[in-house]
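2 protein chains.
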Amino acid sequence: MSVLGRAFSVLDAFADGTPSLRLTAIAERSALPLPTALRLVRELVAWGGLERQSDGSYRLGSRLWTLGGQAPCRRRLVETGRPVLDRLNRTTGLPVLLAALDGIRFVVVDGVGSTLRPGTMLPPHATAAGKVLLAYLPDSRRRQVLADLVRLTPYTLTAPGPLDRQLATIRAGAPASAWEEWRLGENEVAVPVDPFAAQGPAAALTVTARSAAQARRAVPLVARAALTISGSLRPAGQATACAARADAAGEPR
Amino acid sequence: MSVLGRAFSVLDAFADGTPSLRLTAIAERSALPLPTALRLVRELVAWGGLERQSDGSYRLGSRLWTLGGQAPCRRRLVETGRPVLDRLNRTTGLPVLLAALDGIRFVVVDGVGSTLRPGTMLPPHATAAGKVLLAYLPDSRRRQVLADLVRLTPYTLTAPGPLDRQLATIRAGAPASAWEEWRLGENEVAVPVDPFAAQGPAAALTVTARSAAQARRAVPLVARAALTISGSLRPAGQATACAARADAAGEPR
DNA sequence: GACCAGCTTTCATCCTGTGAAAGTGGGAGT
DNA sequence: ACTCCCACTTTCACAGGATGAAAGCTGGTC
């Protein structure tokens, strides 16, 4: 692994949302010897990617915020999606989320009425949005995910077979759903945004309800909202989906 | 300069808001030989900090967006500031901006009703918000800025003396103003958010108007809004301002 | 007062990043 | 059709920067 790779794994130590970490914790999470972690952390601080707090711990820095906010693919998605999310939240009265693929992770991109903040990671197999994105993943990666289905509630699907059948129906155009498979009391439905893009859908639009019936009732509205987003995403340029990165576990090409 | 430094200057090539750059442009902006730039860019792409587009050019990637969105100091500022900006925009009918220091740059953090997007850089000496932040900068850095005052309109203050006197009144508690000093037809007033923090104010709150009179009339509302933000920022923790980074051109310690 | 954890510094070793130079490929010009 | 040119990519011998074990700090705790 190169120097840069190490530095990135230092940053990735914060990816799960931990607001602040001490040096030792960073070193541990990124599997680096302490002096190495220290050197990297210092360079990151000098740049502004990390900040040192008065108690000696570190947190992600403002420079990272400024740069990250400029990422065109996500910015467009949020800017075009936001008004639609707002309306969908008002018409359904339910928390609304927009989720997308980030490398190999599934993350919340934006939300209205939900407690989940942008950047939160979602379990691929146990959320409706996760299933949508999973359905359109290239075979090899999808199989990777299906190989390790963690039980999160009594209702989580942990058998690859049934889940894969659900994914097939999603690809065929059915809305995705997850009935208390991630958290008890949360029933979600989700549909893809721009499902016919070459790279797969740009995002998944999802609502959460107390009951499955309530969630089902929202499906038409969610589907229409997703179409609206797809529509305003398409015309202004091909730069829709964030390019899938060619990562280590990637496919040929 | 270390490897990391080089990689950061590659990312910084996008800091001015350029949505996409070709390899050659990146190499030029970051003053790196082409093969070096290529190697760094590739590693950044593999991580997700950059993305390669179909035409071969690069843009900031989604991984950067996800990470950056987690930066605690900025997130808190935006989350607590947003409702106040909304209200201020409604009561004044004017575009509202929240700006802060990012390393050595002055950037827009959030806005309502303005065309300036978060991440946009502001000229320190020719905007009201810039003057507020400049006023509270440590002496050495302030002098650095005062030494190079670029003329942007016929009304831009390019003499250090008068500007420095304005900064003194701002430190004394007066609202900052800029009358068409950045762009013709734009008159701004600004006040600090949390001006008594150890590190200087967390941000500057500013409104823009067609006429100076209109801007002046808004001052009390802006000041009250800034107090509201300061108030909700303070209690929940000391993590208010983003730590000023110890950069190359920095002071002792 | 001794111990410990968490952090920082040092330094000899060596591996990784470096960039000049040469190679590739596609598009424009004639 | 041929050539030129530009943007990008690959190669490779070299050098300098990164490495991490070991040894010092510091402040808190028993």
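These protein sequence lines map, in sequence, to chains Z and V. Okay, so the first sequence: first residue is 1 according to UniProt numbering, each after it adds one. Okay, so the second sequence: first residue is 1 according to UniProt numbering, each after it adds one. The beta-carbon is built from N, C-alpha and C at its ideal position, and this holds for glycine as well.
Kindly indicate if chain V contains any beta-carbon less than 8 Å away from that of Z:Cys242.
Taking the first sequence and counting its residues from 1, one reaches residue 242 of chain Z at position 242. It does; some Cβ of chain V falls within 8 Å.
What does DSSP give as the partner residue(s) for V:Ser177 in the beta ladder?
Within the second sequence, the letter at position 177 stands for residue 177 of chain V. When DSSP reads this structure, V:Ser177 sits in a beta bridge with V:Val189.
At the 8 Å Cβ level, is Z:Gln144 part of the contact set with chain V, yes or no?
In the first sequence, the residue the question calls residue 144 of chain Z occupies position 144. No, because no Cβ of chain V sits closer than 8 Å to the Cβ of Z:Gln144.
At what residue ranges does the UniProt domain "HTH iclR-type" (1-62) of chain Z contain a whole run of the alpha helix (DSSP H), taking only runs of 4 or more?
3-12, 23-29, 34-47
Give me the Cα-Cα distance between V:Arg165 and V:Thr92, rounded to the nearest whole angstrom.
Against the second sequence, residue 165 of chain V aligns to sequence position 165. Against the second sequence, residue 92 of chain V aligns to sequence position 92. Distance between the alpha carbons of V:Arg165 and V:Thr92 is about 29 Å.
Using the Cα positions of Z:Gln70 and V:Gln70, report the straight-line distance between them to the nearest angstrom.
Numbered from 1 along the first sequence, position 70 holds the residue referred to as residue 70 of chain Z. Numbered from 1 along the second sequence, position 70 holds the residue referred to as residue 70 of chain V. Roughly 14 Å separates the two Cα atoms.
Identify whether Z:Gly208 lies in helix, strand or coil by the three-state DSSP scheme.
Counting from one through the first sequence, the residue named residue 208 of chain Z turns up at place 208. What sits at residue 208 of chain Z in the sequence shown is Thr, not Gly. Z:Thr208 falls in the strand class under three-state DSSP.
Exposed or buried, Z:Phe196, counting other C-beta atoms within 10 Å across all chains shown (16 or more means buried)?
Locating residue 196 of chain Z in the first sequence gives position 196, counting from the first residue. So Z:Phe196 counts as exposed.
Which residues bound the beta strand (DSSP E) around V:Arg183?
In the second sequence, residue 183 of chain V corresponds to position 183, counting from 1. Counting along the chain, V:Arg183 falls outside any beta strand (DSSP E), and DSSP gives it neither H nor E.
Excluding sequence positions up to five away, which residues of its chain have a Cβ less than 7 Å from the Cβ of V:Gly130?
Your numbering for residue 130 of chain V matches position 130 in the second sequence. Phe106, Leu122, Pro123, Pro124, listed in sequence order.
With the cut-off set at 8 Å, would you say V:Tyr103 and Z:Gly68 are in Cβ contact?
What you label residue 103 of chain V is simply residue 103 of the second sequence in a count that begins at 1. What you label residue 68 of chain Z is simply residue 68 of the first sequence in a count that begins at 1. The question names Tyr, yet the displayed sequence has Gly at residue 103 of chain V. Contact: no.
If we define contact as Cβ-Cβ less than 8 Å, is Z:Trp47 a contact residue for chain V?
Locating residue 47 of chain Z in the first sequence gives position 47, counting from the first residue. Cβ-Cβ to chain V under 8 Å: yes for Z:Trp47.
Relative to the alpha-carbon of V:Val109, which residue among V:Asp148, V:Ala168, V:Arg82, V:Thr127 has its alpha-carbon at the smallest distance?
What you label residue 109 of chain V is simply residue 109 of the second sequence in a count that begins at 1. If we check each option's Cα against that of V:Val109, V:Arg82 comes out closest.
Does the beta-carbon of Z:Arg59 have 16 or more other beta-carbons within 10 angstroms, so that it is buried, or is it exposed?
Residue 59 of chain Z sits at position 59 when you count from the first residue of the first sequence. By the 10 Å Cβ count, Z:Arg59 comes out buried.
Please report how far the alpha carbon of V:Ser9 lies from the alpha carbon of V:Asp139, in whole angstroms.
Here residue 9 of chain V corresponds to residue number 9 of the second sequence, with the count starting at 1. Here residue 139 of chain V corresponds to residue number 139 of the second sequence, with the count starting at 1. The straight-line gap from Cα to Cα measures roughly 27 Å.
Closest to Z:Arg151 by C-alpha separation, out of Z:Ala128, Z:Ala168, Z:Tyr136, Z:Glu181, would be which residue?
Numbered from its first residue, the first sequence carries residue 151 of chain Z at position 151. When each option's Cα is compared against that of Z:Arg151, the closest is Z:Glu181.
In the structure shown, what three-state DSSP assignment does Z:Leu98 receive?
The sequence position of residue 98 of chain Z within the first sequence is 98, counting from 1. Strand.
Are three or more beta carbon pairs between the region 168-187 of chain V and the region 51-65 of chain V nearer than 8 Å?
no
Within 10 angstroms of the Cβ of Z:Ala215, are there 16 or more other Cβ atoms? Answer buried if so, exposed if not.
Here residue 215 of chain Z corresponds to residue number 215 of the first sequence, with the count starting at 1. With 16 or more Cβ atoms within 10 Å of its Cβ, Z:Ala215 is classed as buried.
Taking 8 Å as the threshold (C-beta atoms), are V:Ala128 and V:Ala176 in contact?
Position 176 of the second sequence, counting from 1, holds the residue named residue 176 of chain V. Position 128 of the second sequence, counting from 1, holds the residue named residue 128 of chain V. A contact, by the Cβ cut-off of 8 Å.
Three-state secondary structure (DSSP) of V:Ala213
Counting from 1 along the second sequence, the entry for residue 213 of chain V is found at position 213. V:Ala213 falls in the helix class under three-state DSSP.
Cβ-based burial, Z:Glu43 [other Cβ within 10 Å; buried from 16]:
What you label residue 43 of chain Z is simply residue 43 of the first sequence in a count that begins at 1. With 16 or more Cβ atoms within 10 Å of its Cβ, Z:Glu43 is classed as buried.
If I follow the unbroken alpha helix (DSSP H) through Z:Gly111, where does it start and stop?
As a first step, residue 111 of chain Z must be located in the first sequence, where it is residue number 111. Looking at the DSSP string, Z:Gly111 is not in any alpha helix (DSSP H); the run it does join, the beta strand (DSSP E), is 105-112.
Assess, as a yes-or-no matter, whether the region 186-195 of chain V is touched by the region 204-214 of chain V under the definition of 3 or more beta carbon pairs within less than 8 Å.
yes
Selection from V:Pro235, V:Leu11, V:Thr228, V:Ser211 that minimises the alpha carbon distance to V:Leu94
Here the question's residue 94 of chain V lines up with position 94 in the second sequence. Out of V:Pro235, V:Leu11, V:Thr228, V:Ser211, V:Ser211 has the C-alpha closest to the C-alpha of V:Leu94.
Which chain V residues sit within Cβ distance under 7 Å of Z:Gln199?
Here residue 199 of chain Z refers to the residue found at position 199 when the first sequence is read from its first residue. Ordered by position in chain V, no residue passes the 7 Å Cβ test against Z:Gln199, which lies about 10 Å from the chain.
7 Å Cβ shell around V:Glu186 - same chain, five flanking residues per side excluded
Along the second sequence, read from residue 1 onward, the residue named residue 186 of chain V stands at position 186. Hits under 7 Å: Glu180, Thr208.
Distance, Cα to Cα, Z:Glu51 vs Z:Ala213?
In the first sequence, residue 51 of chain Z corresponds to position 51, counting from 1. In the first sequence, residue 213 of chain Z corresponds to position 213, counting from 1. About 47 Å.
Compute the distance between the beta-carbons of V:Val112 and V:Asp86, then report whether it is under 8 Å.
Here residue 112 of chain V corresponds to residue number 112 of the second sequence, with the count starting at 1. Here residue 86 of chain V corresponds to residue number 86 of the second sequence, with the count starting at 1. Against a cut-off of 8 Å, the Cβ pair of V:Asp86 and V:Val112 comes out as a contact.
Mind checking the region 59-93 of chain V against chain Z and listing, in chain order, the residues whose C-beta falls within less than 8 Å of any C-beta there?
Arg59, Leu60, Gly61, Ser62, Arg63, Leu64, Trp65, Thr66, Leu67, Gly68, Gly69, Gln70, Ala71, Pro72, Cys73, Arg74, Arg75
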